[in-house]
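Chains A, B, C and D, in that order, are what the protein sequence lines are.
With the first sequence counted from 1, adding 325 to any position gets you my numbering.
Numbering follows my numbering, in which position 167 of the second sequence is assigned residue number 160; successive positions increment by one, without gaps.
With the third sequence counted from 1, adding 56 to any position gets you my numbering.
With the fourth sequence counted from 1, adding 357 to any position gets you my numbering.
Note that beta-carbon positions come from the ideal geometry of N, C-alpha and C, so glycine has one too.
All of these numbers come straight from a predicted model, not from anything done at the bench.
I have placed the structure first, in the form of structure tokens, so that the comments after it can refer back to it.
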Amino acid sequence: MNHLGYLFAANLFVWGAIFFYVFTLIKKNNQLKQDLQLIKETLPKDSES
Amino acid sequence: MNEDNESGPPILIWFTVLMFIAAISAIFMYVPTEKTEGIIQRIMYFHIPCAWLAFFAFFIVFVCSILFLWKKDREWDIYAHASAEIGVVFCSLVLITGPLWAKPVWGTWWVWDARLTSTLVLWLIYIAYLMLRMRTDAGSMRARYAAVVGIAGFLDIPIIHFSVLWWRTFHPKPKMITSEGIGTGMANEMVITLGISLFAFTLLYFLMMEQRIALEKMKDEIDRLKREKLYSN
Amino acid sequence: MREYFNHVKAIVWKDCVTELKTWELFSTMFVFALLVIIIFIFSINLSIVNSYDVGPGILWVAFIFAGTIGLNRSFMLEKENGCLQGLMLTPADRTALYFGKMISNMVFLILMEAMILPLFMIFFNVDLVSHLGPLLIVIFLGTLGFCALGTLLSSLSSHLKTREIMLPILLYPLLVPVVIGCVRMTGEILAGKALATQLKWIGSTACFDIIYIGVSLLTIDHILEE
Amino acid sequence: MVSNPSDQETEIAIDVQGIRKTFGLLEAVRGISFQLKRGEFLTLFGPNGAGKTTLLKILSGLTKPSSGTAVISGYDIVEGNPALRSEIGVISHSACLYEDLTPLENMLFYAKMYSLESPRERSVQVIEEVGLKSRMNDRVHTFSRGMLQRLTIARAIIHNPSILFLDEPYTGLDQHAAILLKEQLAQLHTEGRTVIMTTHDLDRGLEMCDKVAIQVRGKFVCFESGQDLERTSFLQKYFDAVESNK
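Shown next, in the form of structure tokens:
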């Protein structure tokens, strides 16, 4: 029974997809954090001027 | 600079990691190889949890959609969106691991068997759901439309299931071991391993939900701040 | 209640008067359905394939494709000049608007189907006349399901910029049970079996019809509100 | 349905409390409160994008407000009672008419939708009122902008509403049609209807109002009586408001 290749491929896909999804989440998260920081920095300045 | 104040990953992450280590070691070291199908049968421990999660996630979409239309609270819309996205990820995994399991065992990538067909249709429904969300501008309209599709989609599942089941009965069944077949003849070790795996994947679902919801809320917060900036007079 | 029926009647009357003047919806649907059938005839070899096997499928594909065009067009008419807004301003119940649109969609679709059937009989050389009664019941059940869900989704997609694309993407996956059921029933009827042997398919299609009329009645309010 | 203004002078027709409406990033209406007595004519000025149309949509029940309440003729708009909708007539940017039908058929359809007693008589009457009797059986898509607008008025008043909302009714009309519209509006107002009209045309707006308001970026910056209005100081206010918008 040498179906190791299939088992390997299935594992690859499962973990690949999960990590890819988590990775996109992290990326989006970081981007949003940067945005948030930027806005928070500019907000007080606006109200002063 | 932001990483410091996160105070390390919370318990849920550690617990999920731990469960996955347990699940993987069980799958590759503890559980005995199935006699007729051989080593390939170990795919089952990924395949079934993914299918369970996809279905569970879509059920959550259904519940949250109803709650949204009822309460009109943005919170439920966020949950439905997050759950649909995660559901589609796992549903795709089912559709990928399925053929990879089928090829060596049945000798063909795809059979139009009831279970496969209904999973495919399910996947298409929720892809349409996500596309609808992508193509509608943010706001209450998007949430309401998505909720209607979320409800209509889930109610269709039983009818789809029965119709594809009857659809194939006139044709010879492919020579295979249905998952009921495996289920009945499963050894104790297999049941335990499947249980661990199911548990680990369910934890993963909640972990992903948590992250996805936090993400969406942060987006809302940014929108709120931007709005404040726009209307600061 | 009387008022409710009058509202539904008014919408159907309005759609029919428009249609009688322009013949736009009907002619578009009819020609499109005819083209679908002809394209299928070219893509299969009728001398090899049994037309009783492939016929029902092709017939329903033609109905559904043409029906989608009809649905898109029918809601476009309401969106033009903001007529939908005018309807929303009237005291008519939102479900009455849904029923009105659904019934008029169904009237046009059934009319188109009635015109396609004889052509189908000629092109595929199948005998429809002897099974006409059960066939009409099947077509009615399928068209009802298509219009129940289709009217809901087209009222939803009519607010989107990409309405022509989104309607089929949303509609077709949900429509799978109706397609399977109707194609199977049509096939069995053409093969000479009685409709009574197809009870489970009738049941599942009727179930679909009822569920989606119910869903539409409960949710149409949320869709039509701007 | 239109009540005699003399015996209900003090009755409040429209009572708006803290209406807000948010579309994603955009906050179109940001907390508006005002009251109008029965029979009053409010002109609502404001630059483009001030949220005037959104406010009218909320008041006419097409959109639900994100927060706040409004009571119109005793009905709460958030509840969305169908009876409220037969009290209100709306003229908006869109004609809400079916181009392939004739004016008579259009009016008949709306008369049926408003469940009027004798739809045909009322339809003919209302078409006569706006002076389109000679074109009653032509298709609407052959009509000029001015005729279309008159038919739109007919559609809006077919059910004899006590409250009228007009959203930029003068846009796109030629001089002649504008004068006709003005006469029509004056007629509707003297019959005792409560009217809210939005416009950014100062002259037209000040012609017949009882109350004026300026809406900028979703808020009222001014709400005063129209009779004792100092024209130059009001103009100053308006231009200040438009300037602050930039």
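For residue i, does the count of other Cβ atoms within 10 angstroms reach 16, so buried, or fall short, so exposed?
{"i": "phenylalanine 13(B)", "result": "buried"}
{"i": "aspartate 585(D)", "result": "exposed"}
{"i": "proline 174(C)", "result": "exposed"}
{"i": "methionine 127(B)", "result": "exposed"}
{"i": "alanine 385(D)", "result": "buried"}
{"i": "phenylalanine 380(A)", "result": "Residue 380(A) falls outside the range modelled here, since chain A spans only 326 to 374, and no answer is possible."}
{"i": "glycine 189(C)", "result": "exposed"}
{"i": "glutamate 587(D)", "result": "exposed"}
{"i": "leucine 489(D)", "result": "buried"}
{"i": "phenylalanine 288(C)", "result": "With chain C covering 57 to 282 only, the question about residue 288(C) has no answer from this structure."}
{"i": "threonine 199(C)", "result": "buried"}
{"i": "asparagine 355(A)", "result": "exposed"}
{"i": "glutamate 474(D)", "result": "exposed"}
{"i": "lysine 568(D)", "result": "buried"}
{"i": "isoleucine 4(B)", "result": "exposed"}
{"i": "leucine 538(D)", "result": "buried"}
Measure from the alpha carbon of residue i to the alpha carbon of each residue in the options, then state which is nearest.
{"i": "valine 271(C)", "options": "Asp149(B), Arg217(B), Gly188(B) and Leu218(B)", "result": "Asp149(B)"}
{"i": "asparagine 602(D)", "options": "Asp495(D), Ala407(D), Ile371(D) and Glu397(D)", "result": "Ala407(D)"}
{"i": "arginine 479(D)", "options": "Lys568(D), Gly396(D), Pro460(D) and Pro404(D)", "result": "Pro460(D)"}
{"i": "isoleucine 59(B)", "options": "Gly146(B), Met183(B) and Ile89(B)", "result": "Gly146(B)"}
{"i": "asparagine 181(C)", "options": "Cys139(C), Glu282(C), Val163(C) and Leu246(C)", "result": "Leu246(C)"}
{"i": "tryptophan 116(B)", "options": "Leu223(B), Met37(B), Glu30(B) and Ala44(B)", "result": "Ala44(B)"}
{"i": "tyrosine 527(D)", "options": "Gly375(D), Thr555(D), Ser501(D) and Ile389(D)", "result": "Thr555(D)"}
{"i": "valine 73(C)", "options": "Phe164(C), Ser103(C) and Gly123(C)", "result": "Phe164(C)"}
{"i": "isoleucine 185(B)", "options": "Ala15(B), Ile79(B) and Arg217(B)", "result": "Ala15(B)"}
{"i": "glutamate 600(D)", "options": "Gly583(D), Gln532(D), Glu581(D) and Ile571(D)", "result": "Ile571(D)"}
{"i": "valine 573(D)", "options": "Ile376(D), Ile369(D), Cys566(D) and Leu401(D)", "result": "Leu401(D)"}
{"i": "serine 519(D)", "options": "Gly375(D), Lys394(D) and Ile389(D)", "result": "Lys394(D)"}
{"i": "alanine 207(B)", "options": "Glu68(B), Leu196(B) and Gly143(B)", "result": "Glu68(B)"}
{"i": "leucine 197(B)", "options": "Ala19(B), Tyr122(B), Tyr138(B) and Ala47(B)", "result": "Ala47(B)"}
For residue i and residue j, what's the separation of their Cα atoms in angstroms?
{"i": "asparagine 101(C)", "j": "alanine 452(D)", "result": "53 Å"}
{"i": "phenylalanine 179(C)", "j": "isoleucine 120(C)", "result": "19 Å"}
{"i": "leucine 205(C)", "j": "leucine 226(C)", "result": "10 Å"}
{"i": "alanine 334(A)", "j": "tryptophan 7(B)", "result": "27 Å"}
{"i": "proline 25(B)", "j": "serine 190(B)", "result": "15 Å"}
{"i": "methionine 158(C)", "j": "arginine 219(C)", "result": "18 Å"}
{"i": "glutamate 59(C)", "j": "proline 439(D)", "result": "12 Å"}
{"i": "valine 68(C)", "j": "glycine 156(C)", "result": "5 Å"}
{"i": "glutamine 362(A)", "j": "leucine 200(B)", "result": "25 Å"}
{"i": "leucine 223(C)", "j": "leucine 127(C)", "result": "9 Å"}
{"i": "glutamate 436(D)", "j": "lysine 352(A)", "result": "43 Å"}
{"i": "threonine 207(C)", "j": "glutamate 366(A)", "result": "49 Å"}
{"i": "histidine 546(D)", "j": "leucine 350(A)", "result": "59 Å"}
{"i": "valine 483(D)", "j": "isoleucine 114(C)", "result": "51 Å"}
{"i": "phenylalanine 98(C)", "j": "tryptophan 160(B)", "result": "27 Å"}
{"i": "isoleucine 429(D)", "j": "leucine 521(D)", "result": "11 Å"}
{"i": "lysine 256(C)", "j": "isoleucine 120(B)", "result": "29 Å"}
{"i": "phenylalanine 176(C)", "j": "alanine 180(B)", "result": "56 Å"}
{"i": "valine 497(D)", "j": "aspartate 457(D)", "result": "6 Å"}
{"i": "cysteine 263(C)", "j": "proline 147(C)", "result": "31 Å"}
{"i": "glycine 91(B)", "j": "isoleucine 53(B)", "result": "23 Å"}
{"i": "tyrosine 455(D)", "j": "glycine 138(C)", "result": "9 Å"}
{"i": "phenylalanine 194(B)", "j": "leucine 93(B)", "result": "20 Å"}
{"i": "serine 472(D)", "j": "glycine 237(C)", "result": "41 Å"}
{"i": "proline 97(B)", "j": "aspartate 106(B)", "result": "17 Å"}
Since residue i meets chain B, which of its residues come closer than 9 Å, beta carbon to beta carbon?
{"i": "cysteine 139(C)", "result": "What cysteine 139(C) touches in chain B: nothing, since even the nearest Cβ is about 19 Å away."}
List, in chain order, every chain D residue whose beta-carbon is nearer than 7 Å to that of residue i.
{"i": "glycine 132(B)", "result": "Phe380 and Gly381"}
List the residues of chain A whose Cβ lies closer than 7 Å to the Cβ of residue i, in chain order.
{"i": "glutamate 24(B)", "result": "With the sequence shown as reference, residue 24(B) is identified as valine, and glutamate is not the correct amino acid for it. Per Cβ cutoff of 7 Å: no residues; valine 24(B) is ~13 Å from chain A at best."}
{"i": "threonine 112(B)", "result": "Correct list: empty, because the minimum Cβ distance to chain A is about 15 Å."}
{"i": "proline 97(B)", "result": "His328 and Tyr331"}
Quick one: is residue i near chain G, going by C-beta distance under 9 Å?
{"i": "histidine 40(B)", "result": "Absence of chain G from the displayed structure is noted, the protein chains being A, B, C and D."}
Name, please, each residue of chain C whose Cβ falls closer than 8 Å to the Cβ of residue i.
{"i": "methionine 124(B)", "result": "Met222 and Ile225"}
Identify the contact partners of residue i in chain C, using a Cβ-Cβ distance below 9 Å as the criterion.
{"i": "proline 439(D)", "result": "Thr146, Pro147, Ala148 and Asp149"}
For residue i, go through chain A and note every residue whose CB falls closer than 8 Å to its CB, in chain order.
{"i": "methionine 183(B)", "result": "Going along chain A, no residue has its Cβ under 8 Å from methionine 183(B), so there is no contact; the nearest lies around 16 Å."}
Any heavy atom of the ligand GDP closer than 8 Å to the beta-carbon of residue i?
{"i": "alanine 250(C)", "result": "For the structure depicted, the ligand GDP is absent and the ligand set is empty, with no information on it obtainable."}
Handout entry: Positions along the segment 508 to 523 of chain D whose CB lies within less than 9 Å of some CB in chain C
Key = Arg512, Ala513 and His516
Exercise for the section: Residues of the segment 336 to 357 of chain A with a CB closer than 8 Å to any CB of chain B: list them in chain order, please. Expected result: Asn336, Phe338, Val339, Ala342, Ile343, Tyr346, Val347, Leu350, Lys353, Asn354 and Leu357
Problem - Cβ-based contacts, 7 Å cut-off: residues of the segment 451 to 466 of chain D near chain C - result: Ser451, Ala452, Cys453, Leu454, Tyr455, Glu456, Asp457, Leu458, Glu462 and Phe466
Handout entry: Chain-ordered residues of the segment 204 to 221 of chain C with a beta carbon less than 9 Å from chain D
Key = none
Problem - the segment 143 to 156 of chain B: positions lying closer than 8 Å to chain C by Cβ - result: Ile144, Ala145, Gly146, Leu148, Asp149, Ile152, Ile153, Phe155 and Ser156
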